[in-house]
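Below is one structure; the comments refer to it alone.
In our numbering, the protein residues as written are 72 to 108.
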């Protein structure tokens, strides 16, 4: 989930969601690219 990714990279969850507005935060697919602010 985006929450676990934000925790791993030390980024706030809200910042990660703001940088990736089209991504469902509860459903990440293999190979999907996200932006880490």
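Here a beta-carbon is modelled for each residue, glycine too, at the ideal position from N, C-alpha and C. Source: prediction; values computed, not measured.
Opening and closing residue of the alpha helix (DSSP H) in which residue i lies
| i | result |
| --- | --- |
| residue 65 | Only positions 72 to 108 of the chain appear in this structure, which leaves residue 65 out of reach. |
Status (buried if at least 16 other CB within 10 Å, exposed otherwise) for residue i
| i | result |
| --- | --- |
| residue 77 | buried |
| residue 87 | buried |
8 Å contact criterion, which residue i and residue j should meet: CB distance rounded
| i | j | result |
| --- | --- | --- |
| residue 108 | residue 74 | Not really, about 15 Å apart at Cβ, beyond 8 Å. |
| residue 99 | residue 72 | 6 Å |
Cut-off 7 Å between Cβ atoms - residues of its own chain near residue i, not counting five sequence neighbours on either side
| i | result |
| --- | --- |
| residue 80 | 107 |
| residue 85 | none |
Residues near residue i in its chain [Cβ-Cβ closer than 8 Å; skip 5 each side]
| i | result |
| --- | --- |
| residue 91 | 73, 105 and 106 |
Open item on the list: Suppose only complete runs of 4+ residues qualify. What are the alpha helix (DSSP H) ranges in the stretch 79-105, listed by chain order?
Closed with: 84-90
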